[in-house]
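Just so you know, the sequences run in chain order A, B, C and D. Position one of the first sequence corresponds to residue 0 (numbering that gives the first Met the number 0), numbered consecutively onward. Position one of the second sequence corresponds to residue 0 (numbering that gives the first Met the number 0), numbered consecutively onward. Position one of the third sequence corresponds to residue 0 (numbering that gives the first Met the number 0), numbered consecutively onward. Position one of the fourth sequence corresponds to residue 0 (numbering that gives the first Met the number 0), numbered consecutively onward. Idealized CB from N, CA, C, for every residue including glycine. Note that this is a predicted model, so its numbers are computed, not measured.
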Amino acid sequence: MSETSTPTGVARREFLKILGATSAATAAIGCSTDRVDKLIPYLNNPDETVPMVSNYYASTCRECSASCGVLMETRDGRTFKVEGNPDHPLNRGAMCARGQAAVQGLYNPDRYRGPMVRRGNALVPTTWADALTLLSGRLAEAQTNGGAAGAVFINRHESGSFPVLLDAWLAAFGMPAHLSHDALADDAVLEANRQAYGVSWPSLAFGAAQLIVSFGADFLETWGASVPQQLDFADARAKLAGAPRFVYVGPRRSLTGCNADQWIGCRPGSELTIVNALRGNGSIGDAAQQSGVPAATLQRLKQEIATAKPSLLIASGMSGAGTALALAINEWNKSLGNVGITVLPSRPVTSLEGISPDGDVAAAVERMRAGQVPLLMVRGVNPVFTSPKSAKVAEALAKVPFKVSFSSYPDETTELCDLVLPDHHAIESWGDAQPVPQVISLQQPGMDPVYDTRQTADVLLQVGKGNAKAAAQFAAPNYMRWLIERYPGGTAAFTPALQKGLGTGTLPHRTMPARSAPPNGAPSTGAGDFSLVVYPSASLGDGSGANKPWLQEFPDPVTKVFWQSWVEVNQQTAERLGIDSGDVLRVESPQGALELPAYVFMGIHADTVAVAFGQGHTSYGRYAQDVGLNAGDLLPSSFDPASGGFRWASTKVTITRTGTFVPLVTTEGSSRQFNRGIALAIDVHELETLGTEQEKKEEMPGDASHEYLPGLRSPTAADAQGALQSSLKVKEMGMYDPNHWSGMAKRRWAMTVDLARCTGCQACVTACYAENNIPIVGAPYQQVHTAFLHGVPGGNILKGREMNWIRLERYWEGGEDGGDFEARFVPMLCQHCGNAPCEPVCPVYATYHSPDGLNVQVYNRCVGTRYCSNNCPYKVRYFNWFGYGEPHRPQYAWPERMNWQLNPDVTVRGKGVMEKCTFCVQRIREAEHRAKSEGRPVRPDEFTTSCAQACPSKAITFGDAADDQWTVAKLAQDHRGYHVFQELLNTFPAVVYLKKVNHPAPAAPAGA
Amino acid sequence: MATVAPPGREVGPNIPEANIQLPSVRNYRQVTDEIRRTLNPTGMWLAALLAAITCLLIGLGAWMWQVYMGLGVAGYSPPVMWGVYIVTFVFWVGIGHAGTLISAILYLFRAGFRTTIYRCAEAMTVFAIMTAGLFPILHLGRPWKFFWLIPYPNWRLIWPQFKSPLVWDVFAILTYLTVSATFLYIGLLPDFAALRDRERNPLRKHIYGVLSFGWRNSDTEWRHFARAYLFLAAFSTPLVLSVHSTVSFDFAMANVPGWHATLFAPYFVAGAIFSGVGMVFTIIIPIRRWFNLKHYVTLNHLDAAAKLCLFTSLIVGTAYLTEFFIGWYGGSEIEHSFWYNRVFGQWWWAAWIMLTCNTILPLTLFFQKLRRSTTWLFTLSMFINLGMWFERFVIFDPSLSHEFEPWQWTAYAPTYVDWCILLGSFGWFAMWFLLFIKNFPVVPISEVKEIIPPLLRVPRAVEGIEVTGMHLEYEPETPGERD
Amino acid sequence: MEGIVGVFRELDSTVEAIQALKKLRAGNIAVYTPAPRHELEHIIPHGPSIVRLYTLIGGLAGATFGYWIPIWISDYWPLVVGGKPVPSWVPYTIISFELMVLVGSLATVAGLFIHSRIPRITMTVGYDPRFSDAHFGVWVECPPDRQGDVTDTLKKHGAVEVRGEQ
Amino acid sequence: MTTRRKWAIIPGLVALGAIAVLLSAYTGATTQPDTVITDRGAWGYSAGSSPQGRAPVQPIAFPHPTHVQTLGMNCLYCHFSANKSPDPGFPAMSTCMGCHTVVGPNRPAENGRPARKSAEIAKLQQYWAKKQAIPWVRVHYVPDYVNFAHMPHVNAGVSCQTCHGQVQNMTRVYQYAPLNMGWCINCHVGNVKPQWKARFDCSVCHY
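Dropping the structure here:
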């Protein structure tokens, strides 16, 4: 080939764009050529990395105190996905939504780029050297003038060696031990457990129980370690006939309540009287009168608890009664003999040991207000936001001469600090944890630090060098070496353990400092006629999740409202007061007033209103600032003296209509399914008859058709392709021929969703966002060109433009007349139908049926007619209304450094393209490539989709339904299986839903 | 000066089947003069043209903004994925069909009353289809890739998918545009020759000369012309039915409740002809008054067209009732809840606008006095256009917003971008139509000459019709108001 | 191509003139009329117009092309869509019908243009601008020797103007 | 100019246009070397704008023939992960400096060529001294929406030359094949000899 001059012309496709066959405006789009010009090699090839092949590093998640085990998928030097570690005893491979969002904390665009110091009243960047010299100077000064004894260090609770290092370091500087604080921890239950069993958190064996009664304990949301509890609960419910019956007693039917077979709505704070009445030392009558629960129900519950053995009784201290209720429950469990069977103090969740109660933090705040605290250091906590406004923490902080924050985000507390030494994110730092006895969960960095931050432990060690006592104690050059030395078995045992992320042995843990008395004990109840329940949001936790866009775009699992704050009002009360959803109500308590849109909700007691906690940040980044209102403003700063726990539901409020209307940002169209067969359930006693007589009764065509047709997936498709020698046959069916060499047509990728296991927690939704580069659409800065909704958080979602490829539909059953009702959760995703209605209407083959059973969506071929979404009965196709994936757009969903989180295997869709779930086709192809290069067929259950992998209930199973080695093929034959809209539209979906199993009250008639 | 025929007496022209009163025109010279007089631009016409162009620019600006920023600026709220643009697309395609009906189908039926109004109708067809053709491109997510719908050989070796109604649409609309434009142009050939020969301004004379392809009015040309015109009319007739059936297949092929009915093809065609006749009134009545063509487009013509409008309105009315009946008779809960939501629920206002405008108001055409009153016909045609736009709106958006999956029920509200582009489409149509009426003859010169009796030396019956006093000279003063 | 053209104002006089000229057999007669008159068509006998052959060929070509393109494409890259047969000829009928109409119409127009010998750059011999307005024209193509009696016949039948053309 | 001849103009013009289009398509398709002539390729119109034949000037004129032919180095020595990952892998500076710390810029006289000072090696050593990576200009490019993986191709036995041309002879690397979809599909649907077992379902490359 001779030397050819470089044709400098413009590529034809570019030419068409620039010519602007349509109009000059489109030329602006064509300018950004997507061509990579340069290839920059490494200087030295990093070892053990193959370009574009992922490495998985085992580590520990620090998003909440449970410290589950994670695998961090790192490729070409950046971690872009966090998945559960299958060998970890706590989460066994599952991962909750907050865990998945850890990656967004790492790449958050609003993180501090380096240390900051206060000049005047602004924080200005500084160098690490100046920052550390300033800190050591202040420490030395505090030590010399004897003020060190009053210093306060509040650290976010984490199990492992860091608290030990921190205490030793503080002691070396003459400062008292630090407060290890977790705002979500149920201090009352922790205290009661310590008094009753000596351990803070015995593990709960749901599987062993016949009956579970929860008094407000939301173990599937934020009460204790939610993922292990959800795994056990789902396994228990999956035993179907032998599954425990679950009764939930509480003022508000939370997500945990929605998974209960029966909800008993009572006034907040009346749980203690109910428990005493049920235990026999109190009359049912006045318990019923005080709690607003009919006496008959209490009587039947008492009778049921007496008969069902072994049972499991749990209670939350968050409502008014606090520690007394927790102690009563522990004694009741002992008296019923549940301890050792369903409540296992022998196998405690040690990661929840050593949590300082809210009262200690409040006491420290009072000391600050009194001026006794010369130095405050804060790491990972945000007391200004989490404590109620009535506690006036900001004024107290003003009285502390020198405040240091180790937080890496500009949250409310850090904004008031004088020195900010941003900590590494958990994914960038070393550490260890003791989740369960005898198991050490190690934490290692998945990548180099994103910004100029340093791990707090290293900062402490370096500052410690200046202090004689500290230098003596910490000879190790950095925290990693120090950890290795402390590890039982030293370096030899540490390295192999690091690979699996788990080691055996127990880490020496710190001794908990004595609990200090909380400030004013008596709860001030306020005048109003409605009692207020403030509950921590399932996604935002104590508000720390608010700066992560996935958690903001995470619909509240029960009310399905997000990017907003709302007040839940009972249905009958709303009718009485003439309120309907969206009317703005002024909720007033002695401490403060908020104007919140109402959400009319059946699952809340008649004279109770509830507000979620976690929104309403005044700073904390672009995703959290000015989104919703802070429920803490309404609460008095009152603590339960017995345990120091903060009283979340301790005030009464008045409700007044303001007359204005704010539309609720929700994905819910109508919450009733009008028996269209979307979410089906059966009672437990119908189970036996399910297999036999129903088989004979009516075998609807395609009703969980137990013969999965490989090849073309439906009788019509098979017949149409001449498989049954009928119509015009193509000369050869190409790859659709089952005996084609590729064997693609022998396969049918399918999925089963077991609704008995699914709890509606939506971890699958966030896992799907993480894997498939799904853009968020609701951030305030994105609402630039949505007509009339400029700057309204969640504006695009008001127009129904959310992009969740898998969504959790929550349908109510019953309860129209105010009686008991049931919630049914259905994860709805693309069904990959055999006769897919969306395929024949696409004019450009952007969607078609692949030989291995996938309904493929080719993003670069899509022209954007959107006919496929019109024709999809399940409405699971989502359209890019704006250029969410185009960096130069105002609606760009991954502002700088957040785009490091993008999965390189999946195309980032531009403007005007339809997108949907394609069963993580990148994982299917990767597995096929790997199998082919290793010369073997794809092994059964070798890989799974992102949602199935993360599901903390193991409800979703994915695989090849045509090959009966895969578990999905076996599950698909289950007699509880049904297809949505199959009888109606003959679409032959590839997703089999297994009916939910209800456990009605034993005496009550079935289906009550 | 004796008039052609005393008013009131039915005098048939030389086309026996035309039972309509002859337009009070005396002879060929008068036809040519009066129609040529409509061609000189007036101030009001220029103002109207400028108004149309500003509307077009508003629409174009809105569309460029939408292409640049994304479809999100429009009012789409999924699952309502098709909104105002597709409604306007079907609205304009529908309007086009009446033009072909009047020019082609009535030509095959030898209906005399078509002659003077068919040129306006046919021009309306071509411009309506040109407007409609924009919308399938304009509502795309990636409009700069619209050419993927056309089967052209490409280096990616991948072709459009012919089972999709949208590809049928591409073929149907392009064919319909080509055939009706050709049909219009062939009809205009003799008129260009007539204008070319009488034109004094050299530039316009040259242009008309070129446009007339050198037509010489010779007998061989007329013979082939008659045949070609007949075949084009023959092709246009089934084409009308197939094009709007294909457009209705865009919806009938989907399994959306409310769309999925076999009634859709005839229902859409009837609706199309009805809305087209409505638009013909909207156009012909003002032209008739401002261009002094009252004696060409006489009240008899409007009366006959009004009867056609009434007839199609009754068909559309029965179609609505059949749709409701199917929904009820089908017995599926999804259809019931959908229909209740459309007529009495969330979308009751749109459904009742449709019903009043399309079925109740046109019933007034049963009264001959109203049929012959041009002001009522004009206002009724405005209602018909509005009603037919809402009929498409009611078919598409309520169906999408209230479908199988209750979780995805939603509301739909267009935004300013939608309305601007709708306004732009009217601007585009009006611009082309205004340009047409001032440069091309609005009433066909040769066909009018064909139906009025020729100049005879010896007055005698022409085909059994006694024609009296036909040989009189014509003085080119403006004829008085005939009716 | 030389001959005589006569301009008439009345239709019946034109008809009588043509009948006379036919008896004279001077040469080819062409008639110019502002509008197609069936009296004139009957006088000069012609078979049905050839244009319908174009229409037939065009229609058949369009129909077959309309079926061939989609079926060839489905076979060329067989992608199953919605469980439908890959070469599902039933929906392709619409494409075939549309192309039949398209190619049929265009062929008809082509036939008209070819057989009317338009587009024509220059006006041919024997045309007078008044023929497209209100007058009828009769053009007789005859050698100079016959032109004399042709002119007389035309004048006898009331031709408004008679002149020779080259 | 009688009407007869005038009539000949119009069909003539149409015919000319058609021939021009076909010629352009054919030249575009046949600029590929003879080894990959395919019947389908003839219609793959890619003459005008395809980056085929693009040979950008590199910061260092790396001579493949010297390394591959005279020194007999294997492709996988530098492009080490072609059989292990979608990305073929690109030689780090350390790979080059593995030899070029020893093989300096002043080359001795060998097999008939006088001793000379090689500017390219000098440039390389300057880059290395400044600890700066060489900004190579990318030659082969596949759009982002295509997930092209080297691993399955290399493991299936497709030689580098099939797609990248006779790189071992190229003093300056140019893009040998159009690398457009039509060109890839030729192999995948098996219109080339030898017949490859390659799937051509859309979701194999586009996801």
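Q) Three-state secondary structure (DSSP) at residue 956(A)? A) Strand at residue 956(A).
**Q.** For residue 82(C), the nearest candidate out of 277(A), 348(A), 854(A), 500(A) (CA to CA)
**A.** The candidate whose alpha carbon is nearest that of residue 82(C) is 854(A).
Q) For residue 136(C) versus residue 6(C), is the C-beta distance shorter than 7 Å? A) At the C-beta level, residue 136(C) and residue 6(C) come within 7 Å of one another.
Q. When the Cβ atoms of the region 958-966 of chain A are set against those of the region 743-761 of chain A, are three or more pairs found closer than 8 Å?
A. Touching, yes.
Q: Whole angstroms is fine: what's the gap from residue 68(B)'s alpha carbon to residue 898(A)'s?
A: For residue 68(B) and residue 898(A), the distance between alpha carbons rounds to 21 Å.
Q | Start-to-end residues for the alpha helix (DSSP H) that takes in residue 206(A) | A | Here residue 206(A) belongs to no alpha helix (DSSP H), and DSSP marks it neither H nor E.
Q) How big is the Cα-Cα spacing for residue 65(C) and residue 59(C)? A) Cα to Cα, residue 65(C) sits roughly 10 Å from residue 59(C).
Q.
I need the straight-line Cα distance from residue 379(A) to residue 142(D), nearest angstrom please.
A. Rounded to whole angstroms, the separation of the alpha carbons of residue 142(D) and residue 379(A) is 43 Å.
Q) Terminal residues of the continuous beta strand (DSSP E) containing residue 807(A)? A) Where residue 807(A) is concerned, the enclosing beta strand (DSSP E) stretches over 806-812.
Q: Count the CB pairs spanning the region 418-432 of chain A and the region 110-118 of chain A that are closer than 8 Å, and state whether there are at least three.
A: Judged by Cβ distances under 8 Å, the region 418-432 of chain A makes contact with the region 110-118 of chain A, as three or more pairs qualify.
(Q) If I measure Cβ to Cβ from residue 195(B) and keep anything under 7 Å in the same chain, skipping five residues before and after, which residues do I get? (A) Sequence-distant partners of residue 195(B) (beyond 5 residues in either direction) whose C-beta falls short of 7 Å from its own C-beta, in its chain, are 204, 207, 208, 211.
Q. Nearest chain A C-beta to residue 77(C) closer than 7 Å, yes or no?
A. Contact with chain A is found for residue 77(C), since one of that chain's Cβ atoms lies less than 7 Å from the residue's Cβ.
Q. What residues in the region 175-186 of chain D bring their beta carbon closer than 9 Å to a beta carbon of chain B?
A. Flagged, chain order: 177, 179, 180, 181, 182, 184, 185.
Q.
If I follow the unbroken beta strand (DSSP E) through residue 312(A), where does it start and stop?
A. That run of the beta strand (DSSP E) goes 310-314.
Q. Closest Cβ-Cβ distance between residue 222(B) and chain D: below 7 Å?
A. Chain D, which has no Cβ nearer than 7 Å to the Cβ of residue 222(B), makes this no.
Q) What in chain A is Cβ-close to residue 150(D), meaning under 7 Å? A) Within 7 Å Cβ-Cβ: 928, 932.
Q) Across which residues does DSSP place residue 7(C) in a beta bridge pair? A) Answer by DSSP bridge pairing, in chain order: 135(C).
Q: Anything in the region 383-417 of chain B with a Cβ closer than 8 Å to a Cβ of chain E? List those residues in chain order, please.
A: As a matter of chain content, chain E is missing from the structure shown, whose protein chains are A, B, C and D.
Q. Are the C-beta of residue 700(A) and some C-beta of chain B separated by less than 7 Å?
A. Because residue 700(A) carries a pLDDT of 45, less than 50, the predicted location of this residue cannot be relied on, and the following value inherits that uncertainty. Judged by the 7 Å Cβ criterion, residue 700(A) is not in contact with chain B.
Q) At what residues does the alpha helix (DSSP H) containing residue 334(A) begin and finish? A) Per DSSP, the unbroken alpha helix (DSSP H) holding residue 334(A) starts and ends at 322-334.
Q: Pull up the distance between the alpha-carbon of residue 74(B) and that of residue 480(A), whole angstroms please.
A: Taken atom to atom, the span from the alpha-carbon of residue 74(B) to that of residue 480(A) is near 59 Å.
Q) To the nearest angstrom, how far is it from the Cα of residue 328(A) to the Cα of residue 245(A)? A) When only Cα atoms are considered, residue 328(A) and residue 245(A) end up about 16 Å apart.
Q: Kindly list, in the order they appear in chain D, the residues whose Cβ is closer than 7 Å to that of residue 899(A).
A: Neighbours of residue 899(A) on chain D: none; closest Cβ ~16 Å, over 7 Å.
Q | Beta-carbon proximity list for residue 39(D), same chain, < 8 Å, skipping 5 on both sides | A | Caution is warranted here: a pLDDT of 30 is assigned to residue 39(D), below 50, making its placement in the model unreliable, and the coordinate value is therefore given only provisionally. So the qualifying residues of the chain are 181, 184, 185, 188, 190.
Q | Distance between residue 75(A) and residue 93(D) (C-alpha atoms, nearest Å) | A | Residue 93(D) and residue 75(A): Cα-Cα distance of roughly 18 Å.
Q.
Quick check on this structure: which residue in 375(B), 335(B), 318(B) has the alpha carbon closest to the alpha carbon of residue 326(B)?
A. It is 335(B).
Q. When the distance is taken between beta carbons, is residue 405(B) closer than 7 Å to residue 668(A)?
A. In this structure, residue 405(B) lies closer than 7 Å to residue 668(A) by Cβ.
**Q.** 8 Å contact criterion, which residue 198(D) and residue 734(A) should meet: CB distance rounded
**A.** Residue 734(A) and residue 198(D) do touch by the CB rule: their CB atoms are close to 6 Å apart, below 8 Å.
(Q) Please report the distance separating the alpha-carbon of residue 507(A) from that of residue 158(A). (A) Answer to the nearest angstrom: the Cα atoms are 11 Å apart.
Q: Whole angstroms is fine: what's the gap from residue 293(B)'s alpha carbon to residue 31(B)'s?
A: Straight across, the Cα-Cα distance linking residue 293(B) with residue 31(B) is about 15 Å.
Q: Could you check if residue 684(A) is buried or exposed, using at least 16 other CB atoms within 10 Å of its CB as the buried criterion?
A: With fewer than 16 other beta carbons inside 10 angstroms of its own, residue 684(A) counts as exposed.
Q) For the candidate residues 291(A), 489(A), 383(A), whose alpha-carbon lies nearest to that of residue 606(A)? A) Looking at 291(A), 489(A), 383(A), the one whose alpha-carbon comes closest to that of residue 606(A) is 291(A).
(Q) Measuring CB atoms only, is the region 413-428 of chain B touching the region 119-138 of chain B, in the sense that at least three cross pairs come out at less than 8 Å? (A) A contact exists between the region 413-428 of chain B and the region 119-138 of chain B.
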